[in-house]
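Worksheet: one structure, shown below.
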Amino acid sequence: MRTTFPHGDSAMAQAVRAYDWDATPLGPSAQWPSPLRNAIDLLLSSPESMYLVWGEALTFFYNDAYAPILGPRQPHALGAPLRELWADAWEAVRAPIEAAFVGNASRFEEVPIAMNRYGVPEDTWWTFSFSPIYADDGSIGGAFCVTNEVTARMRAQARLADEHERLIRLFEQAPMFMAFLSGPQHRVEFANPCYSRLIGHRDVIGRPLAEALPDALEQGHVRRLDEVYRSGRAYAANALVYDVQAVPGGPTERRLLDLVYQPIAGADGTVSGIFVQGLDITDRISLERAVREAEVRNRQILDSVMDYAIIATDMRGRVTSWNEGARRILGWTEAEMLGQSLERTFTPEDVARRQILIEAAAALESGSGMDERWHMRKSGERFWANGSLMVLREETGVAIGFVKVLRDRTVERLASEALIKSERRLDALVRASSQAIFSATADWSALRLHAGNGLLDDGRPANARWQQEWIHPDDRASLAQAVHAAISDKAALELELRVLDRHQQIRWTLLRAVPLLDADGGIEEWFGTASDVSDRRQAEEQLRLLTETLEERVRERSAALLLAEEKLRQSQKMEAVGQLTGGLAHDFNNLLTSITVGLELLQARVEQGKYDRLERYVEMAQTSAARAAALTQRLLAFSRRQTLAPSAVEVDALIHGMREIISRTLGPSITLQVTPAPQPWKVLVDAPQLENALLNLCLNARDAMPDGGRLTISLHNRSLDSAAAQHLDLPPGDYVCLSVQDTGTGMTEEVMSKVFEPFFTTKPIGQGTGLGLSMIYGFTRQSGGHVRIDSEVGVGTTMALYLPRFTGTHVQQEAAALEQPQHPAVQSCTILLVEDETAIRILISEVLTEAGYRVIEASEGSAAVERLRSLEPIDVLVTDVGLTGALNGRQVADAGRQYRPSLPVLFVTGYAATAAVGAGQLDDGMEVLTKPFLATDLKQRVAQLLQRHVQ
Numbered sequence: 001m002r003t004t005f006p007h008g009d010s011a012m013a014q015a016v017r018a019y020d021w022d023a024t025p026l027g028p029s030a031q032w033p034s035p036l037r038n039a040i041d042l043l044l045s046s047p048e049s050m051y052l053v054w055g056e057a058l059t060f061f062y063n064d065a066y067a068p069i070l071g072p073r074q075p076h077a078l079g080a081p082l083r084e085l086w087a088d089a090w091e092a093v094r095a096p097i098e099a100a101f102v103g104n105a106s107r108f109e110e111v112p113i114a115m116n117r118y119g120v121p122e123d124t125w126w127t128f129s130f131s132p133i134y135a136d137d138g139s140i141g142g143a144f145c146v147t148n149e150v151t152a153r154m155r156a157q158a159r160l161a162d163e164h165e166r167l168i169r170l171f172e173q174a175p176m177f178m179a180f181l182s183g184p185q186h187r188v189e190f191a192n193p194c195y196s197r198l199i200g201h202r203d204v205i206g207r208p209l210a211e212a213l214p215d216a217l218e219q220g221h222v223r224r225l226d227e228v229y230r231s232g233r234a235y236a237a238n239a240l241v242y243d244v245q246a247v248p249g250g251p252t253e254r255r256l257l258d259l260v261y262q263p264i265a266g267a268d269g270t271v272s273g274i275f276v277q278g279l280d281i282t283d284r285i286s287l288e289r290a291v292r293e294a295e296v297r298n299r300q301i302l303d304s305v306m307d308y309a310i311i312a313t314d315m316r317g318r319v320t321s322w323n324e325g326a327r328r329i330l331g332w333t334e335a336e337m338l339g340q341s342l343e344r345t346f347t348p349e350d351v352a353r354r355q356i357l358i359e360a361a362a363a364l365e366s367g368s369g370m371d372e373r374w375h376m377r378k379s380g381e382r383f384w385a386n387g388s389l390m391v392l393r394e395e396t397g398v399a400i401g402f403v404k405v406l407r408d409r410t411v412e413r414l415a416s417e418a419l420i421k422s423e424r425r426l427d428a429l430v431r432a433s434s435q436a437i438f439s440a441t442a443d444w445s446a447l448r449l450h451a452g453n454g455l456l457d458d459g460r461p462a463n464a465r466w467q468q469e470w471i472h473p474d475d476r477a478s479l480a481q482a483v484h485a486a487i488s489d490k491a492a493l494e495l496e497l498r499v500l501d502r503h504q505q506i507r508w509t510l511l512r513a514v515p516l517l518d519a520d521g522g523i524e525e526w527f528g529t530a531s532d533v534s535d536r537r538q539a540e541e542q543l544r545l546l547t548e549t550l551e552e553r554v555r556e557r558s559a560a561l562l563l564a565e566e567k568l569r570q571s572q573k574m575e576a577v578g579q580l581t582g583g584l585a586h587d588f589n590n591l592l593t594s595i596t597v598g599l600e601l602l603q604a605r606v607e608q609g610k611y612d613r614l615e616r617y618v619e620m621a622q623t624s625a626a627r628a629a630a631l632t633q634r635l636l637a638f639s640r641r642q643t644l645a646p647s648a649v650e651v652d653a654l655i656h657g658m659r660e661i662i663s664r665t666l667g668p669s670i671t672l673q674v675t676p677a678p679q680p681w682k683v684l685v686d687a688p689q690l691e692n693a694l695l696n697l698c699l700n701a702r703d704a705m706p707d708g709g710r711l712t713i714s715l716h717n718r719s720l721d722s723a724a725a726q727h728l729d730l731p732p733g734d735y736v737c738l739s740v741q742d743t744g745t746g747m748t749e750e751v752m753s754k755v756f757e758p759f760f761t762t763k764p765i766g767q768g769t770g771l772g773l774s775m776i777y778g779f780t781r782q783s784g785g786h787v788r789i790d791s792e793v794g795v796g797t798t799m800a801l802y803l804p805r806f807t808g809t810h811v812q813q814e815a816a817a818l819e820q821p822q823h824p825a826v827q828s829c830t831i832l833l834v835e836d837e838t839a840i841r842i843l844i845s846e847v848l849t850e851a852g853y854r855v856i857e858a859s860e861g862s863a864a865v866e867r868l869r870s871l872e873p874i875d876v877l878v879t880d881v882g883l884t885g886a887l888n889g890r891q892v893a894d895a896g897r898q899y900r901p902s903l904p905v906l907f908v909t910g911y912a913a914t915a916a917v918g919a920g921q922l923d924d925g926m927e928v929l930t931k932p933f934l935a936t937d938l939k940q941r942v943a944q945l946l947q948r949h950v951q
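As numbered in UniProt numbering, residues 1 to 951 make up the sequence shown, in order.
Here it is, written out as structure tokens:
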């Protein structure tokens, strides 16, 4: 019965079965001898790493455990000749393989073999054995190898040996004495050379300490060891005295020791020995004592030097030594300066520029540095000193501080400055010129001549009146201005002016002067020259006359161009005004017609005694008046002079709240799509005005899509750099872009250029006022934003509002709900009414009087201010904005607030002037009521002002 060969499903068993053995010296596997087949079954079933070779070719077989050893050779290893497969390691295994083929088994441990498994040479270690495999006829057909790589273990052992060797060297070479004592008798197991030197090289290894060092026993050191061993607590001592007696009865040598007795305990806490570690500080203590003695001697020497200040500092510039000469020169005692910064002796200017660091860096770089500059005494007096700064170093060369030596050289400095000043004065004279040479005081109040050429030294003595006597009257102001600028800038002066000689003849003169500065940068005096330049000035005048006619022609041409440009601007302005007034006249004539006719019919009915249907004419007049008021509000928005109540608005929430009303307005034929921003910023605008603008844009988009379409409202955050902002006529910054896009008829370039003009409309007559987009544009610009239009005929239009991002903490002011306002007791309330229009003043006064208020009337601002300045009780100021006379309504209100800081103010106006309400926003306690208004509106607004004031 045939069975599968080789047995098993291991990877190598499958590989052997799949291998084409016909082309090898072994031939087909079915013909292999049974010893080879048995050996291969044994090889493949073993968990140990093994391989075998067969025949003279040493055909190679291996198992799964051996496969990782092959590395990159594995794919072509099976069936390969061993000599070729392991050519790099062949010499290492050749002898045992040959021995196996003659019947000798062998085993080797931790054999080093140089290999090249991964393309680079490596040292490896192996434990392996070779056994012969006998054929059926008793001959040896192959060899069997069991092998294990022990490279990692050998390398770990080598590292451990190295660490042990380094530890031994460290122990022996340590500058501290070390020893290990075992057991309760403190038997010396180990001692380093430093310990041996300490005890006089006595033989102590293996001996109890009391026996080996009797002097230590007599001095109580063994007793301390007994206590450490018994308690398990370490013992430490500084400068411990140990009198070493190397020979019994011989001389002793006292040593001072810093040491630690450290108990060594096992896992159970039982102490088995003591580790002794310490440092012999005898020499250090002796050196410190010698240093202290030397310091005393050196200090006596330093204090005897009285003409020099000798100062030592640490690396941070803090004083560590201060001799008597330093006290005499600088004024501070050593007690006052120890630990203080040496900068106390520096001038404020040197402290500001960190002169102490500059000097220290120079000294560290070169070893020493010269120091010559102004210093400060304790009294605050400045003195000049020169000296040097040297680095103080240890024997190792490490810098530990500085030594500064100073000598007072103030007297020599003053003499040197006088010489330098003289040299600088002479140098200034030479630099100025070879012409008339003069000097002037620091403020030019007096002038002195040193040499001249007949221009200035004409026999008149120099004095404080030199400007009046020598300088032409028309040039004295320019001279004074030039002198003032030169003094301020401490800069050279150069000026051409006219000088009057003794004959009162004009001579053009080039005046040049330079300042002479003192050591602190202040001006001491001026040195300069004066040169006669009359001939050059005469030539320049002749040249000017030659070119005068040409310049005149250029001026005439420029004036003609300016006049033409002004006429063009005036024509454009009149065209815009005509368009605006024409539209206003049309709409207001319609409204006024309905009002006047209605009032005329009302009067006729009353005269006829017919009182039925009177309400119809009143209602018609009121409706027309309301439409006129709405029209003026749109005009104010267009002119950007409407009163705004800005607040922090979340535009996405505003769009969401208007979505339903916009959908109903658009109708079923238009699809509404809203695209919000991921995290939209807030904006600071008037929310109702923004709602009105958005609704107007949607209505315009609807009208542009008579056959239906899609309207998209989008919201985006935009950060505009300088270039992008300039393109939109905006300052750079963050903006929120609210856009309305339609798929309607679109606009031509001509239409887009006029859409923001008042009363411009493309709609049929009666279907639009032409103020909608003008109002939107005015509102947006007044809010600090911009409107952009993108349109294409037949494609659609996008209207984008850029509104500035809100980044503050603005709190929205909401009107209090006053459905039934709780009016204060009107009998006790007095209202000052200021109105220059008599009819309006009478009507308002009657409305307020009927409401129960006491009304004081004033027809102009000055009279109202006098009332406000008086002690008369006034609870509310109601004033028109555009008053005739010296004061307008806002100025009256400001004056009233000076005398009555919390006075409520109601502005009554036909427009919201910026001067009245301050850039479109009102102060606290101020409100605006726009004309026209209802009597009920007036009474309610006054009541609300009083109610808030009381609260």
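Just so you know, even glycine gets a beta-carbon here, dropped at the ideal spot from N, CA and C.
Practice task
Could you check which residue in Y66, C194 and L414 has the C-alpha nearest to that of W126?
Solution key: Taking the sequence shown and counting its residues from 1, the one referred to as residue 126 is at position 126. The shortest C-alpha separation from W126 is found at Y66.
Practice task
Consult DSSP for C145 and reduce its assignment to one of helix, strand or coil.
Solution key: Taking the first residue of the sequence shown as 1, we reach residue 145 at position 145. Three-state DSSP puts C145 in a strand.
Problem - For A677, the three-state DSSP class (helix, strand or coil) - result: Here residue 677 refers to the residue found at position 677 of the sequence shown. Coil at A677, not helix or strand.
Exercise for the section: Within the same chain, show all residues whose beta-carbon is closer than 6 Å to that of L36, passing over the 5 residues directly before and after it, in chain order. Expected result: Position 36 of the sequence shown, counting from 1, holds the residue named residue 36. Contacts found: W54.
Problem - Best match in L694, S714 and A687 for proximity to V674 [C-alpha to C-alpha] - result: Residue 674 sits at position 674 when you count from the first residue of the sequence shown. Minimum Cα distance to V674 is reached at S714.
Practice task
Could you tell me the boundaries of the beta strand (DSSP E) in which A399 lies?
Solution key: For the purposes of this step, residue 399 is identified with residue 399 of the sequence shown, where counting begins at 1. A399 to D408 is the extent of the beta strand (DSSP E) around A399.
Handout entry: Collapsed DSSP secondary structure at A80 in the structure displayed
Key = Along the sequence shown, read from residue 1 onward, the residue named residue 80 stands at position 80. Of the three classes helix, strand and coil, the one that applies to A80 here is coil, per DSSP.
Exercise for the section: Hey, could you find the ends of the beta strand (DSSP E) E496 is sitting in? Expected result: Here residue 496 is taken as the residue at index 496 of the sequence shown, counted from 1. Boundaries of the beta strand (DSSP E) harbouring E496: L493 to L500, taken from the DSSP string.
Problem - Reduced DSSP secondary structure (H/G/I, E/B, other) of V950 - result: In the sequence shown, counting from the first residue as 1, residue 950 sits at position 950. Under the three-state reduction of DSSP output, V950 falls in the helix class.
Practice task
Tell me where the beta strand (DSSP E) around D123 begins and ends.
Solution key: One-based indexing of the sequence shown puts residue 123 at position 123. From DSSP, the beta strand (DSSP E) with D123 extends over E122 to Y134.
Exercise for the section: With a 10 Å radius around its C-beta and 16 neighbouring C-beta atoms as the bar for buried, classify Q157 as buried or exposed. Expected result: As a position in the sequence shown, residue 157 is number 157, starting the count at 1. Answer is exposed; the Cβ neighbour count stays below 16.
Exercise for the section: Tell me whether M747 is buried or exposed, calling it buried when 16 or more other Cβ atoms sit within 10 Å of its Cβ. Expected result: As a first step, residue 747 must be located in the sequence shown, where it is residue number 747. By the neighbour-count rule (16 or more Cβ atoms within 10 Å), M747 is buried.
Exercise for the section: Find out if the Cβ-Cβ distance for the pair E872, L906 is shorter than 8 Å. Expected result: The residue given as residue 872 occupies position 872 in the sequence shown. The residue given as residue 906 occupies position 906 in the sequence shown. Against a cut-off of 8 Å, the Cβ pair of L906 and E872 comes out as no contact.
Exercise for the section: Take the Cβ of E835 as the centre, count every other Cβ of all protein chains shown within 10 Å, and call the residue buried at 16 or more, exposed below. Expected result: Along the sequence shown, one-based indexing puts residue 835 at 835. Counting Cβ neighbours within 10 Å, E835 comes out buried, since at least 16 surround it.
Problem - Pairwise C-alpha distance: S445 and D518 - result: Mapped onto the sequence shown, residue 518 falls at position 518. Mapped onto the sequence shown, residue 445 falls at position 445. Their backbone Cα atoms lie some 19 Å apart in a straight line.
Handout entry: Every unbroken beta strand (DSSP E) inside the stretch 669-757 [3 residues or more]
Key = Residue ranges of uninterrupted beta strand (DSSP E) with 3 or more members, entirely inside the stretch 669-757 and ordered along the chain, are 670-675, 683-685, 709-720 and 733-742.
Exercise for the section: Pick helix, strand or coil for N104, following the three-state DSSP scheme. Expected result: Sequence index remark: in the sequence shown, residue 104 carries index 104 (1-based). Here N104 carries a coil assignment [DSSP, helix/strand/coil].
Handout entry: Every unbroken alpha helix (DSSP H) inside the stretch 174-249 [4 residues or more]
Key = Taking only runs of at least 4 residues, the alpha helix (DSSP H) segments lying wholly in the stretch 174-249 are 193-198, 209-212, 214-218 and 221-231.
Exercise for the section: Report buried or exposed for N38, applying the criterion of at least 16 other Cβ atoms within 10 angstroms of its Cβ. Expected result: Translated into positions along the sequence shown, residue 38 becomes position 38. Flag for N38 reads exposed.
Practice task
Express the C-alpha separation of P214 and A174 in angstroms, rounding to a whole number.
Solution key: Indexing the sequence shown from 1 puts residue 174 at position 174. Indexing the sequence shown from 1 puts residue 214 at position 214. Straight through space, the alpha carbons of P214 and A174 are spaced by roughly 26 Å.
Handout entry: Reduced DSSP category for P96 - H, G, I as helix; E, B as strand; rest coil
Key = Residue 96 sits at position 96 when you count from the first residue of the sequence shown. Assignment of P96 by DSSP, reduced to helix, strand and coil, places it in the helix class.
Exercise for the section: Check whether the stretch 373-393 touches the stretch 327-346, counting contact only when three or more Cβ pairs, one atom from each stretch, lie closer than 8 Å. Expected result: The stretch 373-393, when compared against the stretch 327-346, does touch it at the 8 Å Cβ threshold.
Problem - Beta-carbon proximity check, L938 vs D875, cutoff 8 Å - result: Taking the first residue of the sequence shown as position 1, residue 938 is located at position 938. Taking the first residue of the sequence shown as position 1, residue 875 is located at position 875. Not closer than 8 Å, so no.
Exercise for the section: Only counting runs of 3 or more residues, tell me where the beta strand (DSSP E) segments fall wholly within the stretch 257-282, in order along the chain. Expected result: Counting whole runs of 3 or more residues, the stretch 257-282 contains the beta strand (DSSP E) stretches 271-280.
Exercise for the section: Assuming G339 contacts R316 (C-beta within less than 8 Å), just tell me the rounded distance between them. Expected result: Translated into positions along the sequence shown, residue 339 becomes position 339. Translated into positions along the sequence shown, residue 316 becomes position 316. With 8 Å as the limit, G339 and R316 do not qualify as a contact, their Cβ atoms being about 10 Å apart.
Problem - Whole-angstrom distance between C737 and V751, CA atom to CA atom - result: One-based indexing of the sequence shown puts residue 751 at position 751. One-based indexing of the sequence shown puts residue 737 at position 737. For V751 and C737, the gap between their C-alpha atoms comes out near 23 Å.
Handout entry: Those residues which DSSP pairs with V649 across a bridge
Key = Taking the sequence shown and counting its residues from 1, the one referred to as residue 649 is at position 649. In the DSSP output, where bridge partners are listed per residue, V649 has V683.
Handout entry: Residues bridged to M370 (per DSSP)
Key = Residue numbering aside, residue 370 sits at position 370 when the sequence shown is read from its first letter. M370 pairs with S388.
Exercise for the section: Run the CB neighbour count on M705, radius 10 Å, all protein chains shown included, and call it buried at 16 or more, exposed below. Expected result: Position 705 of the sequence shown, counting from 1, holds the residue named residue 705. Counting Cβ neighbours within 10 Å, M705 comes out buried, since at least 16 surround it.
Exercise for the section: Could you check the C-alpha separation between L43 and R155 for me, to the nearest Å? Expected result: Counting from one through the sequence shown, the residue named residue 43 turns up at place 43. Counting from one through the sequence shown, the residue named residue 155 turns up at place 155. Those two C-alpha atoms are separated by around 29 Å.
Handout entry: D880: first and last residue of the uninterrupted beta strand (DSSP E) it sits in
Key = One-based indexing of the sequence shown puts residue 880 at position 880. For D880, the enclosing beta strand (DSSP E) stretches over residues V876 to D880.
Exercise for the section: Decide if the stretch 720-728 is in contact with the stretch 664-681; the criterion is three or more beta carbon pairs, one per stretch, under 8 Å apart. Expected result: These segments do not touch.
Exercise for the section: Compute the beta-carbon to beta-carbon distance between Y735 and Y777, rounded to the nearest angstrom, for a pair I have assumed lies under 8 Å. Expected result: For this step, residue 735 is matched to residue 735 along the sequence shown. For this step, residue 777 is matched to residue 777 along the sequence shown. In this structure, Y735 and Y777 do not form a Cβ contact; the two beta carbons are roughly 16 Å apart against a cut-off of 8 Å.
Practice task
Using beta-carbon positions only, say whether G796 and D742 come within less than 8 Å of one another.
Solution key: Working through the sequence shown from its first residue, we reach residue 796 at position 796. Working through the sequence shown from its first residue, we reach residue 742 at position 742. It is a contact, given that the beta carbons lie within the stated cut-off.
Exercise for the section: Go ahead and label T59 buried or exposed: buried means 16 or more other beta carbons lie within 10 angstroms of its beta carbon, across all protein chains shown. Expected result: Counted from its first residue, the sequence shown places residue 59 at position 59. By the 10 Å Cβ count, T59 comes out buried.
Exercise for the section: Express the C-alpha separation of F438 and V430 in angstroms, rounding to a whole number. Expected result: Here residue 430 refers to the residue found at position 430 when the sequence shown is read from its first residue. Here residue 438 refers to the residue found at position 438 when the sequence shown is read from its first residue. In this prediction, V430 scores a pLDDT of 48, lower than 50, which makes its location untrustworthy; no coordinate-derived value is stated.
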